[in-house]
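Each residue of the sequence shown is one higher than the one before, counting from 5 in my numbering. Idealized CB from N, CA, C, for every residue including glycine. This structure is a prediction, so every number in the text was calculated from the model and none was measured. Note sheet for the following structure.
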Amino acid sequence: MTTEEEEEEEEEEEGGGRRRRRRRRRKTTMTKRRRKERSIITIIRKKQKQKKKKKKKKKKKKKKKKKKKKKKIKKKELIKNKKNRRP
């Protein structure tokens with residue numbers, strides 16, 4: 005970024021005797037300290053954006069677990085099981 009210095013110039017016109025003000029802005033470069041602070045801030049912002057992107061990528065839809073069907077026991081098997089039991 006640049007800082008702006010303002011200069012005012014006054015000029016007199018011969019005919020009407022009006023005064024005209026003209027402002028000239030001189031742009032100067034930032035001080036080293038401010039530039040350093042700015043760069044640190046931008047680096048931090050970039051890192052935060054990257055973290056957000058990573059978080060968005062990580063979020064995926066969870067797959068629904070399929071329910072296991074219970075095996076139906078037939079009457080014949082029930083009878084067999086009863087016979088096989090020890091008294």
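When rounded, the separation of the alpha-carbon atoms in I48 and K56 is 13 Å. The C-alpha of Q54 is placed about 27 Å away from the C-alpha of K67. When only Cα atoms are considered, K76 and K50 end up about 59 Å apart. When the Cα atoms are used, K72 and K60 turn out to be separated by approximately 32 Å. Pairing K69 with E81, the inter-Cα distance amounts to about 30 Å.
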